[in-house]
Each structure stands twice: as structure tokens, then as C-alpha cells.
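> I'd like to ask some things about the structure below.
Numbering (our numbering), first residue to last: 17 to 318.
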């Protein structure tokens, strides 16, 4: 990196309706599991920054919550976070799902994009699910709805065209410093990512039975003998019926959540982990400011 004056760095935000594949894209680009993936909408609640460092550039991706019409205070918070990032970045990726096509939620976002000065790229994700002819019709439908710098079809899951997208972004970001060490892939503390990994397993294993009314609080992380780590966490839910589902018959569901989450946490931390999980009911926590703060949703950070 001797020609450091030519090194480029930039912040790129990813926005889109819930469930268009933003987190899958982040994980594909960064090559590690830092954003939670689920087939349920609205699984991302905070700005997760993924950092990609190459020889000549550093791209810092911000994965925002899906922009949607909010229904409660947590929803308000999530939408504000997403919208506040749009003018603070060097590029905006507006991601849509090729399979779903244009929807009312997209118009809500497009209206907000009219006020954005950063270059906007339309990213059509999940192209592996549609026929090429459908793709052309989709491009046609979107191309005049906003002043897009470029329209790039990709499949985050399969990896199609993702490297090309990274190259295009590199050409659009300014010269700048390397903000993060090259081996750092995210600016979120480990506690946050551990909580997200546990939450992902809950969403994945309970399917429709436990909706988004859960949070995960990391109570304690400490070193034990032979470099093992003890991680203690509480899953917070709004109803006692959900608590029963989360624990499962003779604790089977909780055991399963713990087993699956532990594998990912061990991969993240590079060491053996004891994971202890509890379930607590806190009624209506998503509408209580104090509890939003307790579980890490701090509006002053944005």
C-alpha cells in the first residue's frame, strides 16, 4: 500500500423493503456471518457495519433496518435509523427482490430517495429466482422512478455479480484513509453480535410461533478454565405463551436454540463456549423507552 494517496474509502448504506436480502448480501461481501439472516422480515434492528478491506480500498457497509411504516416505538426508531443514514454516506444501495417486483413499500422508499444527494444504485437481488425476461421488465419498470447511478442485478445467495458491484462501488468512493484495521470486519462489539446470533436462532427455530417481540440481553461473558468462555444470555419476550414455546417440551427448544447459537458464537470468537440461556417475559417491552434502551436501541447513537 505504498501509493497510499490513492487508497479509497467510503461509507455505503443498504436500504430496501424488509426481506430483500440485505443481510445475505452483507455476509456474502464480508465473508463472515455478521448480519443475521432469517426468512422473516425486519430481523435487522441496528445499523450493522461490515468492513471490507482490499489492497486499494476500504468499503464500510451500513445495513439498516428495512424501511416500513412503523407500528410502535421500536418501529419508529428503526425507520429513523434507516432514513438518517441516507445523506451521510458516499453511496446508497437501494435493494429490491427480483421475485417480488415493485410494491407499495418501494414507493415509500423512492419518495424518500428524492431528497438524497449521494449516488443511488438500484440493486436487484435474488436474480437466481427469476427468468432473464422478467428481469428486463423489472429494470424497465424501475429505471425512471429515481435518478439511479446504475442498475445492477445480483444474487447475494449465489454470489452472482457481487464482485462486479464491489468494483463499481470502489470506482465511486473518494480517496480516503483506512478507518479500520484490515482484519476487522465489523465495528459492533462482540456482545451485540452474540445477541444477534442467538436472536437469529430463535427466529429460525420457532418460525411463526414467536414473532418479532423478542430481544436478547447478554448478561455476562467471562473466561473459564482452559480458555473456555461462559456466555449467559436472557431471551426477552412479551407473553408467557411465547415463553412456553421458547423453552419447549422439557426444555428441548431452548436446548436446540443454545446448541445452534453456540456453534456460531464459537466460530465468531475462535474459542470454546458454554452458553447458558434463560427466558423472561416483559410485557409490551417494545413500547417502553427504558427497555428499548436496556436492549441496545439508543436513539442518541444515530
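Just so it is clear, CB atoms sit at the ideal spot from N, CA and C, and this is done for glycine as well.
(1) Suppose you measure from the CA of residue 112 to the CA of residue 31; what does that come to, to the nearest Å?
(2) Rounded to the nearest angstrom, what separates residue 257 and residue 243 at their Cα positions?
(3) Assign residue 169 to buried or exposed, taking buried as 16 or more other Cβ atoms, counted over all protein chains shown, within 10 Å of its Cβ.
(4) Cα separation between residue 223 and residue 261?
(5) Mind checking whether residue 182 and residue 109 have CB atoms under 8 Å apart?
(6) Can you tell me the Cα-Cα spacing of residue 195 and residue 267, whole angstroms?
(7) Starting from residue 290, trace the beta strand (DSSP E) both ways and give me its first and last residue.
(8) Which residue marks the beginning of the beta strand (DSSP E) containing residue 165, and which one marks its end?
(9) Give me the Cα-Cα distance between residue 123 and residue 105, rounded to the nearest whole angstrom.
(10) So what does DSSP say about residue 121, is it helix, strand or coil?
(11) Between which two residues does the alpha helix (DSSP H) harbouring residue 155 extend?
(12) Identify the continuous beta strand (DSSP E) that holds residue 236 and give its terminal residues.
(13) When the Cα atoms are used, what is the spatial distance from residue 125 to residue 33?
(14) Can you tell me which of the three DSSP states residue 113 falls into?
(15) Taking the beta strand (DSSP E) that residue 218 belongs to, which residues open and close that run?
(16) Taking 8 Å as the CB-CB cut-off, is residue 221 touching chain D?
(17) Can you tell me whether DSSP reads residue 43 as helix, strand or coil?
(18) Starting from residue 141 and walking both ways along the beta strand (DSSP E), at which residues does that stretch end?
(19) By a C-beta neighbour count over all protein chains shown, 10 Å radius and 16 as the cutoff for buried, is residue 29 buried or exposed?
(20) On a Cα-Cα basis, can you pick out the residue from 210, 219 and 153 that is closest to residue 167?
(21) Under three-state DSSP, which class holds residue 26?
(22) State the CB to CB distance for the pair residue 115 and residue 142, rounded to an integer number of angstroms; the pair is presumed to be in contact (CB under 8 Å).
(23) Leaving aside the five residues before and after residue 161 along the sequence, list all residues of the same chain whose C-beta is less than 7 Å from its C-beta, in chain order.
(24) Can you tell me the Cβ-Cβ gap for residue 251 and residue 230, rounded? I've got them flagged as a contact below 8 Å.
(25) Please determine, among 253, 36, 234 and 163, the residue with the shortest C-alpha to C-alpha distance to residue 133.
(26) With residue 261 as the anchor, note down where its beta strand (DSSP E) starts and where it stops.
(27) Compare the Cα-Cα distances from residue 24 to each of 43, 68 and 41 and report the closest residue.
(28) Cα separation between residue 286 and residue 47?
(29) From what residue to what residue does the alpha helix (DSSP H) around residue 132 run?
(30) Helix or strand or just coil, what does DSSP make of residue 248?
(31) Locate the alpha helix (DSSP H) running through residue 273, then write down its first and last residues.
So, from the data block:
(1) 9 Å
(2) 38 Å
(3) buried
(4) 11 Å
(5) Inclusion of residue 182 and residue 109 in the CB contact set at 8 Å is not warranted, their separation being larger than that value.
(6) 45 Å
(7) 289-297
(8) 164-169
(9) 21 Å
(10) Helix.
(11) Unbroken alpha helix (DSSP H) run through residue 155: 148-158.
(12) 230-239
(13) 8 Å
(14) strand
(15) Looking at the DSSP string, residue 218 is not in any beta strand (DSSP E); the run it does join, the alpha helix (DSSP H), is 206-222.
(16) Protein chain content of the structure displayed is limited to a single chain, and chain D is not contained in it.
(17) helix
(18) 136-141
(19) buried
(20) Here the closest residue by C-alpha is 153.
(21) The answer is strand: DSSP assigns residue 26 an E or B state.
(22) A Cβ-Cβ distance of about 5 Å is found for the pair residue 115 and residue 142, placing them in contact under the 8 Å criterion.
(23) 126
(24) The pair is a contact, with the Cβ atoms about 6 Å apart (cut-off 8 Å).
(25) Residue 163 is the option with its Cα nearest to residue 133.
(26) Per DSSP, residue 261 belongs to no beta strand (DSSP E); it is in the alpha helix (DSSP H), 256-263.
(27) 68
(28) Distance between residue 286 and residue 47, taken at the CA atoms: about 16 Å.
(29) Note, residue 132: premise wrong, no alpha helix (DSSP H); not H, not E.
(30) strand
(31) It spans 268-285 - the alpha helix (DSSP H) in which residue 273 sits, taken as one unbroken run.
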